[in-house]
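Report on the structure given below.
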Amino acid sequence: VAFDVEDCMDRFCHHLSKHHGDRQGLLEYLNRMFNMVRTLSVRHKVATDIQGLKSRAQKVSDRKQRYTYTLHEAGRSRKGLDSPYSHPDNLERWLPAIRGDGSGLVGMGNMTDAVVELLNNEQRQAAAGHRVLSIVGFGGLGKTTLATTVYNTPKLGGIQCRAFVPVSQTYDVRSLLESMLKQLSASAEKDKNDDPLKNIKDWNKRQLSDNIKKQLDGKRYLIVLDDVWRAAAWDQLNVAIPRDNNKGSIIITTRSHEVAKNCCTSPNDPVYEMKRLQEGDSEKLFFKTVFESGKCPADLLNVSKDILARCNGLPLAIVSIGRMLARRQNQTSEDEAGPSQRLPPST
């Protein structure tokens, strides 16, 4: 369902998301009318697809509510499901980041504390302008997970407004600004009779930037720009952030040290480099993902260590392989050793 939703969004963006700005006049009006007629069939198909996707998503939710409890209880009564190799779906065990408070995440506690300490550093609070902290590391190390944990942690007190904006390799500046403004406005007090974001779809980039500056003016804010690939993306978004507010903090996640360097607004802006998981944390994450009890049976300990050696402390690899193995019930060590022996040597 998630993949089909993404495909539907891509079709919508490709055919229907062109922004006409604030241009006026008869020619522009006729152009809009012609465009509506031209895309009428596409609009109808997208609308039909969305209705179908909503129905499918609702059915998924209904099945979750219907079966999660009964499967859990029934599984306990069956002798065959008491084995440590059996794994009823457990979303919180496999996706602990959904809790939002960082509990359940492996190896993130010390990293979260380190980033929070950098953001709360008193010496940097006195610096002029907003503060930028870059989290750097190659793909799969958990940069987004760390940024999400810091974003939601209560240890960063006094945040008046915040926004989490995924940038990615391909992006649309206007869409990113609109998303940022909507999130920043969500925590602001609103007049029921006056919607400050009315007609936001018709605003140009300058109007969006001006309104973002108004939202951030004089406030302590936290903005996360996730997965920034090029410094140009930072330059295009930075114009919307007031430079004279020293209460604000910005976290940038990127794979490139060069991008992190270019995003710094002062020589004091820190760069936090992600590290691979240590051996103990790697084992804890793997066992927690594969085994419902979080403990590895003795007969699978050696092959588990062989798999972890190939994962080399990379969280994404550990979790991906762990979820695959968790689906395989009642396997012996010989069964599990077969696929691992066919893996190419780790690099």
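Reminder that position 264 of the sequence shown reads as 264 in UniProt numbering, one-by-one numbering, no gaps.
Think of the CB as a built atom: it goes at the ideal place given N, C-alpha and C, for glycine as much as any other residue.
These numbers come from a predicted model, not from an experiment.
Euclidean distance between Cα positions of residue i and residue j
i           : j      : result
Val60       : Val1   : 9 Å
Phe12       : Ile50  : 10 Å
Thr153      : Leu27  : 51 Å
Leu177      : Pro166 : 11 Å
Ala57       : Ser266 : 46 Å
Asn31       : Asp195 : 29 Å
Lys305      : Glu273 : 26 Å
Leu81       : Pro297 : Residue confidence for Leu81 is low, a pLDDT of 43 falling below 50, so the modelled location carries little weight; the figure read from the coordinates is stated next. Rounded to whole angstroms, Leu81 to Pro297 spans 15 Å at the Cα level.
Arg310      : Thr289 : 17 Å
Leu118      : Ala231 : 22 Å
Asp269      : Arg206 : 27 Å
Phe164      : Asn302 : 41 Å
Leu146      : Ile135 : 9 Å
Glu73       : Lys261 : In this prediction, Glu73 has a pLDDT of 49, which is less than 50 and means its spatial position is unreliable; nothing more can be read from the coordinates.
residue 358 : Met36  : Residue 358 lies beyond the residue range present for the chain, which begins at 1 and ends at 347; the question has no answer from this structure.
Asn110      : Ile200 : 40 Å
Asn121      : Val42  : 53 Å
Arg276      : Ile318 : 11 Å
Ala233      : His257 : 15 Å
Arg63       : Leu285 : 28 Å
Val271      : Ser320 : 28 Å
Trp229      : Cys263 : 11 Å
Gln65       : Gly25  : 53 Å
Phe291      : Gly158 : 39 Å
Asp235      : Thr254 : 14 Å
Ser293      : Arg328 : 15 Å
Met108      : Asp10  : 33 Å
Gln160      : Thr144 : 22 Å
Lys295      : Leu40  : 57 Å
Neighbour-count burial assignment, residue i, 16 or more Cβ in a 10 Å radius
i      : result
Met180 : buried
Pro209 : It is worth fixing the name first, because residue 209 is Ser in this sequence and not Pro. Flag for Ser209 reads buried.
Leu308 : buried
Met324 : exposed
Thr170 : exposed
Tyr67  : exposed
Gly322 : buried
Ala47  : exposed
Phe34  : exposed
Asn211 : buried
Ser168 : exposed
Ile98  : Unreliable placement is indicated for Ile98, whose pLDDT of 46 sits below 50; no coordinate value is reported for it.
Asp227 : buried
Ser282 : buried
Tyr221 : buried
Leu300 : buried
Glu92  : In this predicted model, Glu92 has a pLDDT of only 48, less than 50, meaning its place in the structure is not dependable enough to derive any value.
Selected residue, minimal CA-CA separation from residue i, among the options
i           : options                        : result
Arg162      : Thr170, Lys198, Asp227, Lys213 : Lys213
His15       : Arg38, Ala57, Val259           : Arg38
Asp202      : Arg174, His44, Arg276          : Arg174
Leu197      : Gly109, Leu119, Ser185         : Ser185
Glu279      : Leu119, Val106, Met36, Cys8    : Val106
residue 356 : Met33, Lys54, Asn110           : This structure cannot speak to residue 356, because the chain is shown only from 1 to 347.
His44       : Asn120, Cys8, Lys64            : Cys8
Gly52       : Gly25, Asp113, Asp4            : Asp4
Asn204      : Ala240, Asn121, Cys263, Arg328 : Ala240
Phe287      : Leu156, Ala326, Glu258         : Ala326
Ile223      : Gly25, His257, Lys182, Leu277  : Lys182
Leu237      : Leu285, Leu300, Asp172         : Asp172
Lys155      : Asp113, Thr148, Thr144         : Asp113
Val259      : Tyr151, Gln65, Leu225          : Leu225
Proximity test, residue i beta-carbon vs the ligand ZN heavy atom, cut-off 7 Å
i      : result
Gln278 : Inclusion of the ligand ZN in the displayed structure is not the case, the ligand content being empty and no account of it being possible.
| query | How do the segment 131-146 and the segment 249-256 stand: do at least 3 beta-carbon pairs fall below 8 Å, yes or no? | reply | Contact holds: three or more Cβ-Cβ distances are below 8 Å.
| Which ranges does the alpha helix (DSSP H) cover as unbroken runs of at least 4 residues, wholly within the segment 190-275, from first to last along the chain? | Listed in chain order, the complete alpha helix (DSSP H) runs (minimum 4 residues) inside the segment 190-275 are 205-216, 231-238, 257-263.
| request: Count the C-beta pairs between the segment 307-321 and the segment 136-151 that are closer than 8 Å, then say yes if the count reaches three, no if not. | output: yes
| beta strand (DSSP E) runs contained entirely in the segment 149-176, provided each spans 3 or more residues | 161-168
| With a cut-off of 8 Å, do at least 3 Cβ pairs link the segment 212-230 to the segment 238-245? | yes
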